[in-house]
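Only one structure is covered here, and it is reproduced in the block below.
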Amino acid sequence: MTKTVERPPAARVGPVKAPSPAGDRRRRRLTDHLRAYGFLLGGLICFALFSWYPAIRAVVIAFQKYTPGSDPEWVGTANFTRVWQDPEFAAAWRNTLTFTLLALLIGFAIPFVLALVLNELRHAKAFFRVVVYLPVMIPPVVSALLWKWFYDPGAGLANEALRLLHLPTSNWSNGADTALVSLVIVATWANMGGTVLIYLAALQSIPGELYEAAELDGANLLQRVRHVTVPQTRFVILMLMLLQIIATMQVFTEPFVITGGGPENATVTVLYLIYKYAFLYNDFGGACALSVMLLALLGAFSAVYLRLTRSGEEAA
Amino acid sequence: MSSGVRTLVSPAVLARPRGRAVYWTVFTGIVLLFTLAFLFPVYWMVTGAMKSPDEVARTPPTLVPESWSTAGYADAWELMQLPTHLWNTVVQAAGAWIFQLVFCTAAAYALSRLRPAFGALILGGILATLMVPAQALVVPKYLTVADLGLLNDPLAIWLPAVANAFNLYLLKRFFDQLPRDVLEAAEIDGAGKLRTLWSIVLPMSRPVLGVVSIFALVAVWQDFLWPLMVFSDTDKQPISVALVQLSQNIQLTVLIAAMVIASIPMVALFLVFQRHIIAGISAGSTKG
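Residue numbers (the working numbering), protein chains in the order written: chain S, 1 to 316; chain F, 317 to 604.
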């Protein structure tokens, strides 16, 4: 009650002065905002043009007949049905999923075991880290061409190694049933350095007392791995697994360079098919329909990944 | 032997003769494995380019070239126009690096320190692009670049490189952690926003700028699908695209030599900055 009585006089004291600081502040806030947007502008334009707009456009073009230079035409779901009926469609998805699965089986256990062993070694630590990461720094195109040469049925090193061990030779990337595995080997060789280094960092953050306590309780080596190492690194393992799934589902360079999608479509991947639709068939509607499908699947994986990293950050 | 950090195997076990024997056996095994798996392919590539075309196709292959010839390297340099393609790659990578440093740093600074209107919304929109895997959007992105008339122009690499949510977020998080009082002191001394960014924030952010720079350079140098799409003009193509396009009809030794030359810059960068790169990867993992 008293306050409501006091207010009018207070307002009457400074009827000229009162709005002025507020207006000043508002003006300063406005110039602050403008200045902030000055800093933001370049980044915003690039994100708008090359990230946000293409995402929307992919969905729009997926429902259009789109040829550069002429007006787009709405065609409903025709692109999706056409792509769906393409015999390569099933092959591409099957290959991509098989590739991802094989990459998990081969490219996931090996780096973990390697990191586990490396973490126990007390000598030449820098050497191991540099050497395992070296293939990551070799351009992927060079790795792919290098392995194409290794897989060469004539003078290829891969068959030469098998002969040296008195094993039967293989068709490697040139055989319909071995091509996909051959590509997984290339991808694993080229990319596992990063995974090994991240595991090593995770292993080093495990407190030593946990191992000591487990040992006092009579846990042997494998039990310590199972009950200390794996639970302690579970979060990193899960994160890297999701990241790897997202990356391998977008595989393109290896099949494009090494096998050209062959033999008999054995290595056509979804991204390769997108490329073919756009640049060989000039069918951008079909390419965008495929992109939307890939996007939906990968977006789901990414959402899980981001959810996990955020909860992991909060827990840390 | 002990570095003071307890790992899976206890130091007591390693100190025993049997433990030590096992340790050195495993150590030797890993050295051999790593040499064979990671160094030997590189050796094979470097020496393969020095063999004669005849020798490189021979079975069983020779471990060491019979005669060391640099003709393969010279031919690759000339026939595959490597100077042009290397220069294109350098221009594309350097431009993408500068564009990212300027625009990502400015945007990250604004989002971190200047509190623009709708800042949270913008940051959300930027982070949302992390959920959209880049490769899945190459076709609509290509159409946008084509509409802007940027095909066969290095701007087609430079501008999309700025839309890198990962690097921007890395910078923003680093700026968030800078001590508040230092920035406020600069402001009290009358430094403008740009001045504060240039002479206070950036010098304090050297580690993160180094990481972002390396990521930016490596990403462009290693990329293949995107430059394959936007550079149809052979004279504009970076080395990765040119290698694949020319690999079909060129002598094997020349191609291998070109592969070695294409790898040298990034491998050299890695060897020079290996401590920073490895520390950056390791740190990035534990912080998410």
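We put the beta carbon where it would ideally sit given N, CA and C, even for glycine.
Using a 10 angstroms sphere on the CB of TRP340 of chain F, the tally of other CB atoms stays under 16, which defines it as exposed. Contacts with chain F at 8 Å (Cβ-Cβ) include PRO68 of chain S. According to DSSP, LYS65 of chain S shares a beta bridge with S:GLU73.
Annotation: the continuous alpha helix (DSSP H) that includes HIS401 of chain F extends over 398 to 415. ALA219 of chain S and GLN232 of chain S have their alpha carbons spaced roughly 16 Å apart. For a Cβ distance threshold of 8 Å, nothing in chain F lies close to ASP71 of chain S: the least Cβ distance comes to about 14 Å.
Cβ neighbours of LEU157 of chain S within its own chain (closer than 8 Å, five residues either side excluded): TRP149 and PHE150. Taking a cut-off of 8 Å on C-beta distances, the segment 563 to 576 of chain F does not touch the segment 481 to 498 of chain F, as fewer than three cross pairs fall below it. Inter-residue distance for VAL60 of chain S and ILE597 of chain F is about 38 Å (C-alpha atoms, whole angstroms). Among the residues of the segment 541 to 567 of chain F, those with a Cβ less than 9 Å away from any Cβ of chain S are LEU541, LEU544, MET545, ILE555, SER556, VAL557, LEU559, VAL560 and SER563, in the order of the chain. Close CB contacts of LEU197 of chain S within its chain, under the 7 Å cut and outside five residues either way in sequence, are with ARG129 and TYR133 (chain order). A contact between stretches requires three or more CB pairs, one per stretch, nearer than 8 Å, and the segment 320 to 331 of chain F fails this requirement with the segment 89 to 104 of chain S. Residue nearest to ILE274 of chain S within the set S:PRO263, S:GLN250, S:ALA266 and S:ALA296 is S:GLN250 (criterion: CA-CA distance).
For LEU121 of chain S, there is no enclosing alpha helix (DSSP H), as DSSP marks it with neither H nor E. Counting only runs of at least 4 residues, the segment 433 to 482 of chain F fully encloses the following alpha helix (DSSP H) elements, listed from N- to C-terminal order: 435 to 444, 454 to 463 and 471 to 478. S:ASN265 is the residue among S:ASN265, S:ASP24 and S:PRO68 whose C-alpha sits nearest the C-alpha of ASN174 of chain S.
The residue from S:ARG226, S:ASP86, S:VAL131 and S:VAL292 with its alpha-carbon nearest to that of ILE594 of chain F is S:VAL131. For SER529 of chain F, no CB of chain S lies under 8 Å from its own CB, so it is not counted at the interface with that chain. Contact between the segment 437 to 446 of chain F and the segment 386 to 396 of chain F is absent, with fewer than three C-beta pairs closer than 8 Å. Contact between the segment 544 to 561 of chain F and the segment 363 to 374 of chain F is not established, with fewer than three Cβ pairs separated by less than 8 Å.
Collapsing the DSSP output to three states places SER173 of chain S in a helix. What LEU430 of chain F touches in chain S, judged by beta-carbon distance under 8 Å, is ASP32, ARG35, ALA36 and PHE39, going in chain order. Contacts between HIS123 of chain S and chain F, judged by CB atoms closer than 7 Å, involve PHE343 in chain order. Around the beta carbon of HIS401 of chain F, 16 or more other beta carbons lie within 10 angstroms, which makes this residue buried. Residue burial is scored here from C-beta neighbours: GLN223 of chain S has fewer than 16 other C-beta atoms within 10 angstroms and is therefore classed as exposed. Between GLN416 of chain F and ASN480 of chain F a beta carbon distance of about 6 Å is seen, short of the 8 Å cut, so the two are scored as contacting. Neighbours of ALA55 of chain S in chain F, taken as residues whose beta carbon is under 7 Å from its own, are VAL448 and LEU453 in chain order.
Counting only Cβ-Cβ distances below 8 Å, SER170 of chain S has no contacts in chain F at all, with the closest Cβ about 15 Å away. In the structure shown, GLU264 of chain S adopts coil according to DSSP, grouped into three states.
Spanning the alpha carbons of LEU352 of chain F and GLY345 of chain F requires a straight line of approximately 10 Å. Distance check between PHE531 of chain F and each of F:ILE438, F:LEU349, F:PHE586 and F:ARG431 places F:PHE586 closest, using alpha-carbon atoms only.
When secondary structure is reduced to three states using DSSP, PHE547 of chain F falls in the coil class, being assigned neither helix nor strand. The beta carbon of PRO135 of chain S sits closer than 8 Å to some beta carbon of chain F.
With the criterion set as a beta carbon lying under 9 Å from some beta carbon of chain F, the segment 93 to 108 of chain S has no members that meet it. Against chain S, a Cβ distance below 7 Å from MET361 of chain F picks out LEU146. VAL576 of chain F places its beta carbon 8 Å or farther from that of VAL338 of chain F.
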